[in-house]
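Sequence lines, in order, name chains A and B. Per my numbering, the first sequence starts with residue 2, numbered consecutively. Per my numbering, the second sequence starts with residue 290, numbered consecutively.
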Amino acid sequence: MNVFCKVFRFYYEGFRSMTLGKTLWIIILVKLFIMFAILKVFFFPNFLSSKADSKEGKSEYIVNEMEKRTHKP
Amino acid sequence: MEDLILWSRAQFALTAIYHWLFVPLTLGLGIIIGIMETMYYKTKKEEWKTITKFWMRLFGVNFAIGVATGLILEFQFGTNWSNYSWFVGDIFGAPLAIEGIMAFFLEATFIAIMFFGWNKVSRGFHLASTWLTVFGASISALWILIANAWMQFPIGMTFNPDTVRNEMTDFWAVALSPIAINKFFHTVTSCWVVGSAACIGVSAWFLLKNRHIEMAKKSIKIAAPIGILGIALTIYTGDGSAYQVAQKQPMKLAAMEGLYRGQTKAPLVVVGVLKPKEEIKKDYNKPLYAEIKIPYVLSFLGYRDINAFVPGVNDILEGGYPTPNGVKPLSAKEKMESGAKAVNALGEYRKAKKDGNMQKAEMSLKTLNDNYANFGYGFIKDESELVPNVSLTFYAFRFMVIVGSFFALLFMFMAYLNFKKKPYENYKLLNWICIICVPLAYMVSQSGWIVAEMGRQPWVIQDLMPTSAAISAINTSSVITTFIIFCVLFSVLLIAELSIMFKQIKKGF
């Protein structure tokens, strides 16, 4: 049996014989789904990308924001 | 804007606090499991294997529930703190990327062998996998802490006015900055304390229940010395951190000590009660109602000289106080003027370059570079913004030190009982104290982060960017919504963790 088959069987049998691990994997998968398919998509868009497409546009936006917020002595 | 900053900070703090409920046990229990399995490897006694497997189960539950909770912090960088994300450029991204690629894969590969490999791989290979998992988890922490340390002491970069980003020029200066090194060892060794406290607390529960007495005693036999080593190294590296804070973040040190007027031969406040802000204003020399002090110690800890001057909050705002290198620091007002010049020069540089006026661009660039060290002060509207929450920092620091010292005594006493072969199970009160110490250890660990992060306010990047400049121009309501979602999500995860943990503990070894 080659190395890849051995590694595959190792993981396959490991996952198959899990007891507590199954519950934990369900928690991990549900958590990752909530994080990446719901939170990231609907609540955490890349803010700068909504303001400008190019790197130049983004840096321009940041400078404008900074100038707006600077203290005028 | 103030509400937006407050809610965004609260959301970040909430996420970080929840994330930090999982990390210390992973790092702390990891080393204990490693040593237990080493005992099994050396003695070949099945009881050590049983003990290792029990604690490994709890490690696995904690690892599984906690994994990826830190990623939410990165979501927040892109949405709530986009100015910051852009401004730090690759400096923050590089260590996090290395963490993802190197350490995560190291952990992910060997953790599978750790859990699936019993009786399938040799004992030596299994032991190596366990240690490599522990090592990988610690290395993960290293890169995160390097990134955090850079925010506390930005180094090894230059600011590019064309991209408005800081660019890393010296990787090793970032990776080996004194703040990063201290922070890493302080954090990791303090996690050993949490892990030891958890191991001893759970073992104490078995002793009280009169179950698995020998296994519980053997667990304490391993955890108590790790706890002693952990607390000793935490104190040593904590001293290093305090020294670095005195040099690089004197305002944080002043807040930690509730020190408003600086002094030479400064004493360390062991215990004290701070007066309310309005009361303090009446006499800045006496900000405490009552205190127990140790003479000279603050000067020594901060500057390695018992006669050194330690500046207070007001000295730092007023500037001109004596420093070890003789350079008189600028006042807050001077720094604010310098910072405003830097921010304006940045805009002028870009405009002049766009207009093709290279001479003006050169002049603006020089002004920017000359004043860049104070860039963040350009966003400060009132000097009071430069003072962190003194009472929270002051009490969190005392809680960390006092309760942390109690842990040193507890671990030493447990090790002493073991050395004298005294039966732990007969000390009912001690076992109850050990159980109470589990949540206390977490609180101490969290209070350390409160000191580090609240004490550096208002800075997201020390002296270069305050929270008011780092925040995205988003709606406060959206931050409140996600704050509530996180509250619910993390609480569910915590309940899941605790219920699975308790179930596994009840099952026993």
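Glycine included, each C-beta is placed from N, C-alpha and C at the ideal position.
So that I know if they touch, is there some Cβ in chain B lying closer than 8 angstroms to that of Leu30 of chain A?
Output row for Leu30 of chain A: interface = no.
In chain A, which residues lie less than 9 angstroms from Phe311 of chain B when you measure between Cβ atoms?
The premise fails here: Phe311 of chain B is roughly 12 angstroms from chain A at the closest Cβ pair, so nothing lies under 9 angstroms.
Nearest neighbour of Val120 of chain A, chosen from B:Lys409, B:Gln536, B:Lys537 [CA to CA]:
Nothing about residue 120 of chain A can be read from this structure; chain A reaches only from 2 to 74.
Might you give, ordered along the chain, the residues of its own chain that have their beta carbon closer than 7 angstroms to the beta carbon of Met545 of chain B, omitting 5 neighbours on each side?
Thr682, Phe683, Phe686, Val740, Gly744
Measure the alpha-carbon distance for Arg412 of chain B versus Tyr330 of chain B and round it to whole angstroms.
Approximately 7 angstroms, taken between the alpha carbons.
Could you tell me whether any Cβ in chain B is nearer than 8 angstroms to the Cβ of Asn3 of chain A?
Chain B, which has no Cβ nearer than 8 angstroms to the Cβ of Asn3 of chain A, makes this no.
Just tell me which of B:Gly527, B:Cys776, B:Leu310 has its CA closest to the CA of Val483 of chain B.
Minimum Cα distance to Val483 of chain B is reached at B:Leu310.
What are the boundary residues of the beta strand (DSSP E) that includes Tyr329 of chain B?
Here Tyr329 of chain B belongs to no beta strand (DSSP E); instead the alpha helix (DSSP H) covers 291-332.
Decide if Met290 of chain B is buried, meaning its Cβ has at least 16 other Cβ atoms within 10 Å, or exposed.
Answer is exposed; the Cβ neighbour count stays below 16.
Should Ser466 of chain B go down as buried or exposed, given a rule of 16 or more other Cβ atoms within 10 Å for buried?
buried
Pick from B:Gln552, B:Val560, B:Gly693, B:Lys642: whose alpha carbon is nearest that of Thr523 of chain B?
B:Gly693
What are the residues of the stretch 38-53 of chain A that lie near chain B, defined by any Cβ-Cβ distance shorter than 8 angstroms?
Leu40, Lys41, Phe44, Phe45, Pro46, Asn47, Phe48, Leu49
Buried or exposed: Leu431 of chain B, going by 16 or more other Cβ atoms within 10 Å of its Cβ?
buried
Which first and last residues belong to the beta strand (DSSP E) in which Arg454 of chain B is found?
454-457
Run down chain A in chain order and give the residues with a C-beta less than 7 angstroms from the C-beta of Leu787 of chain B.
None at all; the shortest Cβ gap to chain A is about 13 angstroms.
So that I know if they touch, is there some Cβ in chain B lying closer than 8 angstroms to that of Lys56 of chain A?
yes
Establish whether the CB of Lys670 of chain B and some CB of chain A are separated by less than 8 angstroms.
yes
CA-CA distance, Met504 of chain B and Ser427 of chain B?
Taking the straight line joining both Cα atoms gives about 27 angstroms.
Can you give me the C-alpha to C-alpha distance between Pro584 of chain B and Lys575 of chain B, rounded to a whole angstrom?
16 angstroms
Proximal chain A residues relative to Lys409 of chain B, where beta-carbon distance stays under 7 angstroms:
Phe11
Give me the DSSP bridge partner(s) of Glu580 of chain B.
Partner(s): B:Gly561.
Take the Cβ of Met732 of chain B as the centre, count every other Cβ of all protein chains shown within 10 Å, and call the residue buried at 16 or more, exposed below.
exposed
Buried or exposed for Ala535 of chain B, going by 16 or more other Cβ atoms inside 10 Å?
buried
Simplified DSSP assignment, three categories, for Phe442 of chain B
coil
Can you pull the chain E residues whose beta carbon is under 7 angstroms from the beta carbon of Gly367 of chain B, in chain order?
Judged by its chain identifiers, the structure shown contains no chain E, and its protein chains are A and B.
Where Phe44 of chain A and Ser297 of chain B are concerned, what is the direct C-alpha to C-alpha distance, given to the nearest angstrom?
13 angstroms
Nonlocal neighbours in the same chain, by C-beta distance under 6 angstroms from Asp752 of chain B, ignoring five residues either side
Gly665
What do you reckon, are the CB atoms on Tyr549 of chain B and Gly601 of chain B nearer than 8 angstroms?
yes
If contact is defined by three or more beta carbon pairs under 8 angstroms, each pair taking one atom from either stretch, is the stretch 694-701 of chain B in contact with the stretch 503-521 of chain B?
Flag = yes, the stretch 503-521 of chain B and the stretch 694-701 of chain B touch.
Own chain, CB closer than 7 angstroms to Ile511 of chain B, minus 5 neighbours either side, in chain order
Ile321, Ile324, Met325
Cβ shell of Ser680 of chain B (< 6 angstroms), same chain only, five flanking positions each side left out
Leu563
Evaluate the contact criterion for the stretch 415-429 of chain B versus the stretch 603-614 of chain B: three or more CB pairs, one atom per stretch, below 8 angstroms.
With the cut-off at 8 angstroms, the stretch 415-429 of chain B and the stretch 603-614 of chain B do not touch.
From B:Met703, B:Tyr307, B:Asp292, residue whose alpha carbon lies closest to that of Cys776 of chain B
B:Tyr307
If I measure Cβ to Cβ from Ala785 of chain B and keep anything under 7 angstroms in the same chain, skipping five residues before and after, which residues do I get?
Ile354
Could you please give the first and the last residue of the uninterrupted alpha helix (DSSP H) stretch that includes Trp337 of chain B?
335-355
Got a sec: which bits of the stretch 450-469 of chain B sit with their beta carbon under 8 angstroms from any beta carbon on chain A, in order along the chain?
Asp451, Thr452, Val453, Arg454
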